[in-house]
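One structure is given here, and the rest of the page talks about it.
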Amino acid sequence: MASITLQNLVKKFGETVTAVAGVDLDVSDGEFMVVVGPSGCGKTTTLNMISGFEEPTSGTMLIGDRVVNHLEPGDRGLGMVFQDLALFPHMTVFENIAFGLRVDKIVDTEVKERVSKVATTMKISHLLSKKPAQCSGGEAQRVALARTIITQPQVLLMDEPLSSLDAKLRIEMRTELKRLHEELKSTFVYVTHDQAEAMTMADRIMVMDRGYVQQIDTPLGIYRKPTNQFVGTFFGQPTMNIIPGRVENGGSPKFVSEHFEMSFAADAIPGSSIGKEINLGVRSENVSIGDEGAAAEVRLIEPLGDETLVFFSCGNEEFLVAKVDAEREFSPGNQIRFGFLPGGMHFFDVESGVRLE
Amino acid sequence: MKRIFLATLILMGITVFVASTAIAAMVHPGKTVEERAINGAKAYIKKHNLKKPKQTMLLISLFKNSQPKYLRQWKKLTGVEMGSIQYGYTDIPAKIMAEAVAKTGQYDVINHFPYVIPDAVGAGTLQPLDAYMAKGKPDFTGIDSGLLAQQSYKGKTYWFILDGDHIALFLRSDVMKAAAKEYKAKFGKAPGCPDTMAEWEQMAKFFHTKKGQTRWGMKFKQPLYGAQAYRSINFSYRHFPAYMGGLLFDKNMNPLINSPNGIRAIKEFTSIVKYMPPDVQGWGTPQLYPHWGSGRAFSFMSFPSAMGYANRNPKSKIKGHQLACPVPAVKGASGKMVRRAPQAAGTGYMVNAHSKHPELAYYFIQWFTGPTQGDIAIADPAGFWDPMRMSNLTNKAVLAKHTEPFVKMTMKNAKNAISLLMIEGNYEYFNVLDKNMAQVMQGNISAEQAAKNVEKGWNRITDDIGRKEQIKAWRASVASGAYIDKFAPTN
Amino acid sequence: MAQATIKERKSLSAWLAQEKVFRLIPFIMVEATFLLLLAIPFILTIYISLLKWRANRPFEQAYFHGLLNYVRVLTTEDFWWALGRTFYFAGTAVMLELLFGFLLAMLAYKQFRGRRIYITIFLVPMMVVPVVGGYNFSMIYIDSGPLNQILSPITEAMGVNPRIRWLSHPIAAQWAIILADVWQWTSLTFLIFLSGFAALPQQLTNAARVLGASRWQIFWKVHFPLLKPAIMIAVIIRSMEALKLFDLSVLLTFGGPGTSTETIAFFLWRQVWQFNKYSFGAAASILLLFMFGTLIFYGIYLLVRERDIVEEERME
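For the record, the sequence lines run as chains A, B and C.
In terms of my numbering, the first sequence is residues 134 to 490.
In terms of my numbering, the second sequence is residues 34 to 524.
In terms of my numbering, the third sequence is residues 5 to 320.
As structure tokens, then:
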């Protein structure tokens with residue numbers, strides 16, 4: 134069991150390309166850490182540095198209390214699951230799982246014992262004599278996991294392992310991975326571009342963009358209190374409404390956008406935003422539709438079953454979205470009034486996107 | 034009664050007269066062979082009303098620098114434009130056989146060695162020349178019988194010779210002069226042309242000198258090999274008959290090689306190799322001639338052109354240091370000492386049976402090989418035609434090119450000239466012999482084993498082609514004197 | 005009359021334009037090409053192989069001979085010698101070509117400065133016309149020539165006469181031919197292996213590294229098995245060619261010294277074009293076709309089997 138510490142980790146490719154621009158991260162022992170961000174954000178490069186496939190340009194990496202910067206991947210006590218699983222096509226499932234033991238020249242009887250044990254855990258005992266090509270997507274996933282955990286690594290690295298699965302299987306595997314994490318109690322570092330995966334699985338999430346760390350927090354912390362507009366819009370489905378406008382204080386604070394105005398209680402608005410051009414971020418569940426507030430027209434309805442997404446506009450083509458109870462019925466063309474729940478508003482600086490408190 | 038008798042006499046007289054004038058009219062006018070050929074060609078063109086006649090010659094590429102000027106001359110004389118297509122001599126037999134199937138007539142005259150005749154005649158590619166000869170009256174006087182016999186096959190004439198290419202032996206006169214004393218002290222006679230193959234080997238042994246040695250006051254920076262000769266596949270068969278000293282088959286086509294005489298021949302043929310350069314089994318003319326010219330061998334059994342090559346080549350180190358000898362004798366099948374000089378190549382001319390105008394092609398051959406025109410070719414410095422007529426002995430141009438001692442020697446040697454095997458499938462017979470000689474020289478099999486192998490291989494070929502027909506052809510060629518030797522009376 | 009022709013033409017084009025006819029046109033072309041190019045010569049060869057025909061007799065005199073030609077071929081010692089020699093040459097040459105091609109590809113597949121230039125240089129021998137290559141080697145192999153000069157420090161140190169008679173010593177000549185073939189065709193195996201190496205998925209290497217495999221283990225347990233299809237391709241392509249070895253033995257040694265470099269192709273050439281044994285040659289080539297065909301099909305079977313496994317995996 135081990136913690137992971139990254140100190141000001143930088144990776145440059147050549148002179149001009151900075152893939153990772155100084156990451157500081159502490160993953161505590163047994164934690165499930167998800168690194169998330171859009172493609173090109175540096176998350177995979179960070180993972181590759183931890184695994185040892187890439188050498189950092191500067192900075193320090195520790196696993197436990199050992200500096201691992203110059204250790205071979207195989208000597209870092211890691212396990213890794215790859216995006217395309219990277220099962221060895223010419224070996225049987227048994228030999229794939231046993232690979233880590235074979236290279237250590239462990240005696241045959243022990244290999245058999247440990248493989249069959251891990252195969253039972255992963256429910257793939259019936260596949261052992263097959264070739265990877267003969268396994269389904271979910272089975273192959275389990276084989277890859279089995280191959281990784283058989284050497285009992287202190288740290289498990291996963292590089293978008295679920296991306297090749299279909300939607301249903303992906304959701305099932307999320308639960309499976311969570312369960313595995315509970316059982317193994319080892320440290321997980323999980324890279325994904327899928328915010329939902331991050332939300333559902335992580336103990337903590339590190340959000341990256343363009344090589345920089347944007348926020349490190351628990352899933353709910355990130356959801357509720359995004360440090361900037363990028364994080365705010367990256368998480369949540371549907372995407373957070375962003376309304377450019379101005380906060381004015383003529384007695385009571387007022388938000389003025391091009392198409393509507395809205396007044397709020399004084400404590401609902403951070404002081405630093407007053408008198409500034411801002412972007413107002415509101416998640417759909419924090420938009421209320423009722424008798425009060427600004428006037429708008431319903432343009433589009435997306436029923437989700439238990440809830441319904443209502444897209445509306447205030448005379449322009451920028452739609453806002455609200456999430457309402459499925460019982461409430463709307464249809465395009467309905468004239469409505471809308472408002473924002475006081476605790477559900479995020480104020481972002483127009484220039485920097487930083488959250489205003 | 035008397036009247037009738039007289040009238041009959043007169044009638045007969047008239048008939049004889051008419052007939053004789055008719056016969057006389059069939060021979061083309063002209064004092065010389067060449068004139069008759071030219072007139073024959075002109076008459077043919079006139080009779081067939083040919084406009085700008087064109088013919089083609091399939092030419093051994095070796096002659097590409099010497100033949101074309103004679104083709105131009107022929108055009109001036111007769112108006113016949115004779116082009117040429119050139120191939121290496123190893124490729125031409127296949128071209129001839131392909132013509133047997135394709136029958137294109139694209140070659141009119143074919144230039145090659147006599148050994149292609151049996152297969153080509155079998156396939157029907159060669160035109161018998163006898164009918165044309167009756168009109169053109171060629172003249173072969175002064176050509177020795179062994180050479181002349183090669184012109185015909187199964188009683189018909191197919192080929193006109195222009196090359197006395199029978200093998201000869203050349204020795205280094207400078208080395209012999211230096212070593213004369215020592216040699217005489219040892220063998221009781223001065224070194225010179227050896228009488229027998231055994232004596233040649235004895236000389237090879239004596240003169241064989243390692244690199245760096247000083248002998249007879251000569252310092253040898255290079256090794257001096259006692260001998261060099263053709264011992265590779267495709268060449269051994271051209272020399273072996275000199276060692277056989279008799280026929281290769283009896284009158285029923287049973288091979289005579291698996292006999293005490295045959296085994297002796299194989300042993301003598303292969304044992305001298307130890308005094309030859311180690312590479313000799315892989316060598317053909319392009320290696321042997323320069324090696325001889327470089328002065329690294331004492332003796333060379335070869336085509337006769339080797340001497341001219343070593344005298345004229347600017348890089349040669351042995352100019353004027355060669356002694357030309359006839360082929361040494363062996364104790365042949367008859368038990369007597371005989372000299373046999375196989376005609377190892379020998380260029381000559383044939384007419385394609387599928388030619389549109391075979392008779393016209395024939396006149397070119399007659400002209401070009403005629404006694405005067407032929408001697409011009411033999412004297413041509415760029416050519417590879419070797420002396421073969423008695424007239425060459427007095428022809429100044431020929432003597433200038435070939436030197437008098439050589440011409441004298443080769444004309445003497447021509448008395449012993451014999452043909453190689455003139456029966457169908459001969460290349461296959463040759464190959465069996467070559468392969469087994471190679472095996473003996475490499476030390477893989479004994480001479481006795483080789484004799485057995487060759488006997489078996491030859492019988493197999495004879496049976497495959499048809500023993501009956503082979504016997505017929507073989508007897509005819511023996512009878513023609515092509516091999517000098519005749520069947521032993523006991524056979 | 006003219007009208008009738010136009011009408012006919014119209015109906016012909018109409019007939020051709022019919023869907024079921026039109027669809028067949030490509031097949032007809034393929035079949036016709038097949039017939040003309042392959043089937044007819046093949047059937048003719050079989051026919052000739054059943055005749056008794058030497059070119060020194062007119063074809064009109066050829067007669068039916070049954071399978072006797074085949075018996076003759078199979079009982080000809082030289083045929084078997086030449087065949088054995090050919091397998092020896094092909095086997096040795098292809099093995100060396102695989103080895104050198106593999107090593108070169110291993111060195112060249114990683115990125116380094118001037119890699120492209122090296123690769124281009126390695127590929128040059130393959131582009132050389134075989135006849136030219138053979139001629140060059142006949143120069144190189146001269147016993148006082150460049151090869152022996154280069155080798156002389158080694159040969160002299162070993163106490164061997166440095167003037168190795170490459171073309172006239174029976175065993176050296178065999179190696180001369182093998183080496184010339186290796187020089188020319190290592191390029192091809194190099195190219196095949198280079199693409200094989202380039203196609204190796206990086207992730208598999210990474211997976212093995214993370215599992216603690218050493219470079220040696222990665223090579224033998226992961227890379228090598230994955231390169232098997234490339235190896236099979238190289239073996240089959242090269243063997244097919246090497247078994248037909250002809251030009252080098254003609255150009256360098258003309259089958260000699262003795263018969264030590266007479267390959268089966270050379271043997272056939274001599275039987276047909278020197279000895280005029282057309283039907284014997286036809287029978288021998290049919291027999292060889294079956295022998296080599298069986299070998300090659302077995303090779304292709306192995307290749308396809310290997311490929312299926314790998315390709316199924318890729319489709320995942």
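Every residue gets a Cβ at the ideal spot worked out from N, C-alpha and C, and that includes glycine.
Report all residues from its chain with a CB closer than 6 Å to the CB of residue 330 (chain A); omit the five preceding and five following residues, and keep chain order. Walking along the first sequence from the start, residue 330 (chain A) turns up at place 197. Contacts found: none.
Using a Cβ cut-off of 8 Å, which residues of the stretch 213–227 of chain C contact any Cβ in chain A, in chain order? Within the stretch 213–227 of chain C, 213, 214, 215, 216, 217, 218, 221, 225 and 226 place their CB atoms closer than 8 Å to a CB of chain A, listed in sequence order.
Counting only beta-carbon atoms, is residue 60 (chain C) nearer than 8 Å to chain B? Looking up residue 60 (chain C) in the third sequence gives position 56. It does; some Cβ of chain B falls within 8 Å.
Which residues bound the alpha helix (DSSP H) around residue 157 (chain A)? Here residue 157 (chain A) is taken as the residue at index 24 of the first sequence, counted from 1. Counting along the chain, residue 157 (chain A) falls outside any alpha helix (DSSP H), though it belongs to the beta strand (DSSP E) covering 150–160.
Show which residues of chain C have a CB atom less than 7 Å away from the CB atom of residue 184 (chain A). The residue you call residue 184 (chain A) lines up with position 51 of the first sequence. Per Cβ cutoff of 7 Å: 214.
Give me the subset of the stretch 193–205 of chain C whose CB atoms are less than 7 Å from a CB atom of chain B, sorted by chain position. none
Residues near residue 298 (chain B) by beta carbon distance below 6 Å, same chain, minus five either side: Mapped onto the second sequence, residue 298 (chain B) falls at position 265. Excluding residues within five positions, the ones whose Cβ falls inside 6 Å are 276 and 277.
Residue 375 (chain B) versus residue 274 (chain B): straight-line alpha-carbon distance, rounded: Along the second sequence, read from residue 1 onward, the residue named residue 375 (chain B) stands at position 342. Along the second sequence, read from residue 1 onward, the residue named residue 274 (chain B) stands at position 241. So the two alpha carbons sit approximately 6 Å from each other.
When you compare the CB of residue 193 (chain A) with every CB in chain C, is at least one pair closer than 8 Å? On the first sequence, position 60 is the one that residue 193 (chain A) refers to. No, no contact with chain C.
Between the stretch 216–236 of chain A and the stretch 247–264 of chain A, do three or more beta carbon pairs fall short of 8 Å? As far as the Cβ criterion goes, the stretch 216–236 of chain A touches the stretch 247–264 of chain A, which means the pair count is three or higher.
Residues in the stretch 218–240 of chain A with C-beta within 7 Å of chain C's C-beta atoms, listed in sequence order? 219, 221, 222, 223, 232, 233, 236 and 237
May I have the straight-line CA-CA distance separating residue 157 (chain A) from residue 342 (chain A), to the nearest angstrom? Within the first sequence, numbered from 1, the residue matching residue 157 (chain A) stands at position 24. Within the first sequence, numbered from 1, the residue matching residue 342 (chain A) stands at position 209. Going by the C-alpha atoms only, they are around 14 Å apart.
Segment limits, beta strand (DSSP E) that includes residue 483 (chain A): The count along the first sequence starts at 1 and reaches residue 483 (chain A) at position 350. Here residue 483 (chain A) belongs to no beta strand (DSSP E), and DSSP marks it neither H nor E.
Cutting at 7 Å between CB atoms, please list the residues of its own chain near residue 320 (chain C), excluding the five before and the five after it. As a first step, residue 320 (chain C) is located in the third sequence; it is residue number 316 there, counting from the start. Residue placement at residue 320 (chain C) is poorly supported in this model, since its pLDDT is 40, which falls under 50; the coordinates are not used for a value here.
Using a cut-off of 8 Å between C-beta atoms, extract the partners of residue 177 (chain C) located in chain B. Along the third sequence, one-based indexing puts residue 177 (chain C) at 173. 315, listed in chain order.
Would you kindly work out how many angstroms separate the C-alpha atoms of residue 209 (chain C) and residue 188 (chain A), rounded to a whole number? In the third sequence, residue 209 (chain C) corresponds to position 205, counting from 1. In the first sequence, residue 188 (chain A) corresponds to position 55, counting from 1. Computed Cα separation, rounded: 17 Å.
Would you kindly work out how many angstroms separate the C-alpha atoms of residue 161 (chain B) and residue 120 (chain B), rounded to a whole number? Against the second sequence, residue 161 (chain B) aligns to sequence position 128. Against the second sequence, residue 120 (chain B) aligns to sequence position 87. In a straight line, the C-alpha of residue 161 (chain B) is about 24 Å away from that of residue 120 (chain B).
So, does the CB of residue 172 (chain C) fall closer than 8 Å to a CB anywhere in chain B? Sequence index remark: in the third sequence, residue 172 (chain C) carries index 168 (1-based). Cβ-Cβ to chain B under 8 Å: yes for residue 172 (chain C).
Helix, strand or coil: how does DSSP classify residue 82 (chain C) here? Start at 1 with the first residue of the third sequence, and residue 82 (chain C) comes out as number 78. The answer is helix: DSSP assigns residue 82 (chain C) an H, G or I state.
Using C-beta distances below 7 Å, list every residue in its chain close to residue 481 (chain B), excluding the 5 sequence neighbours before and after it, in chain order. By 1-based counting over the second sequence, the position of residue 481 (chain B) is 448. Excluding residues within five positions, the ones whose Cβ falls inside 7 Å are 296.
Which residues, in chain order, does the stretch 393–422 of chain B contribute to contact with chain C at a C-beta distance below 8 Å? none
Under a three-way DSSP split, which group does residue 421 (chain A) fall into? By one-based count along the first sequence, residue 421 (chain A) stands at place 288. DSSP, reduced to helix, strand and coil, places residue 421 (chain A) within a strand of the structure shown.
Check the DSSP bridge columns for residue 370 (chain B) and list the partner residues they point to. For this step, residue 370 (chain B) is matched to residue 337 along the second sequence. According to DSSP, residue 370 (chain B) bridges with B:364.
Starting from residue 201 (chain B) and walking both ways along the beta strand (DSSP E), at which residues does that stretch end? Position 168 of the second sequence holds residue 201 (chain B). Its beta strand (DSSP E) spans residues 201–205.
Listing by chain order, which chain A residues have their CB less than 7 Å from the CB of residue 278 (chain C)? The count along the third sequence starts at 1 and reaches residue 278 (chain C) at position 274. Those do not exist, as residue 278 (chain C) stays about 50 Å from chain A at its closest Cβ, beyond 7 Å.
For residue 197 (chain A), go through chain C and note every residue whose CB falls closer than 9 Å to its CB, in chain order. Locating residue 197 (chain A) in the first sequence gives position 64, where the first residue counts as 1. Simply none; closest approach about 17 Å.
Using a Cβ-Cβ distance under 8 Å, would residue 472 (chain B) count as near chain C? In the second sequence, the residue the question calls residue 472 (chain B) occupies position 439. Yes, its Cβ sits closer than 8 Å to a Cβ of chain C.
Inter-stretch contact (C-beta, 8 Å, three-pair minimum) for the stretch 280–299 of chain A and the stretch 172–185 of chain A: yes
Name the residue from A:426, A:347 and A:429 whose alpha carbon lies nearest to the alpha carbon of residue 368 (chain A). For the purposes of this step, residue 368 (chain A) is taken as residue 235 along the first sequence, with counting starting at 1. Of the candidates A:426, A:347 and A:429, the one whose C-alpha sits nearest the C-alpha of residue 368 (chain A) is A:347.
DSSP state of residue 274 (chain B), grouped into three classes? For the purposes of this step, residue 274 (chain B) is taken as residue 241 along the second sequence, with counting starting at 1. Helix, per DSSP.
Within 8 Å of any Cβ in chain C, is that where the Cβ of residue 206 (chain A) sits? Against the first sequence, residue 206 (chain A) aligns to sequence position 73. Interface residue, yes.
Can you tell me whether residue 133 (chain B) is buried or exposed, with buried defined as 16 or more other CB within 10 angstroms of its CB? Counting from one through the second sequence, the residue named residue 133 (chain B) turns up at place 100. Answer is buried; the Cβ neighbour count reaches 16.
Going by other Cβ atoms of all chains shown within 10 Å of its Cβ, with 16 needed for buried, is residue 59 (chain B) buried or exposed? Here residue 59 (chain B) is taken as the residue at index 26 of the second sequence, counted from 1. Exposed, since its Cβ has fewer than 16 Cβ neighbours within 10 Å.
Which residues share a DSSP beta bridge with residue 377 (chain A)? Sequence index remark: in the first sequence, residue 377 (chain A) carries index 244 (1-based). Secondary-structure assignment with DSSP links residue 377 (chain A) through a beta bridge to A:412.
Would you kindly check if the distance between the Cβ of residue 183 (chain B) and the Cβ of residue 193 (chain B) is under 8 Å? Your numbering for residue 193 (chain B) matches position 160 in the second sequence. Your numbering for residue 183 (chain B) matches position 150 in the second sequence. Contact flag unset, no.
Beta-carbon separation of residue 170 (chain C) and residue 198 (chain C) under 8 Å? As a first step, residue 170 (chain C) is located in the third sequence; it is residue number 166 there, counting from the start. As a first step, residue 198 (chain C) is located in the third sequence; it is residue number 194 there, counting from the start. Contact check for residue 170 (chain C) against residue 198 (chain C) fails: the beta carbons are separated by 8 Å or more.
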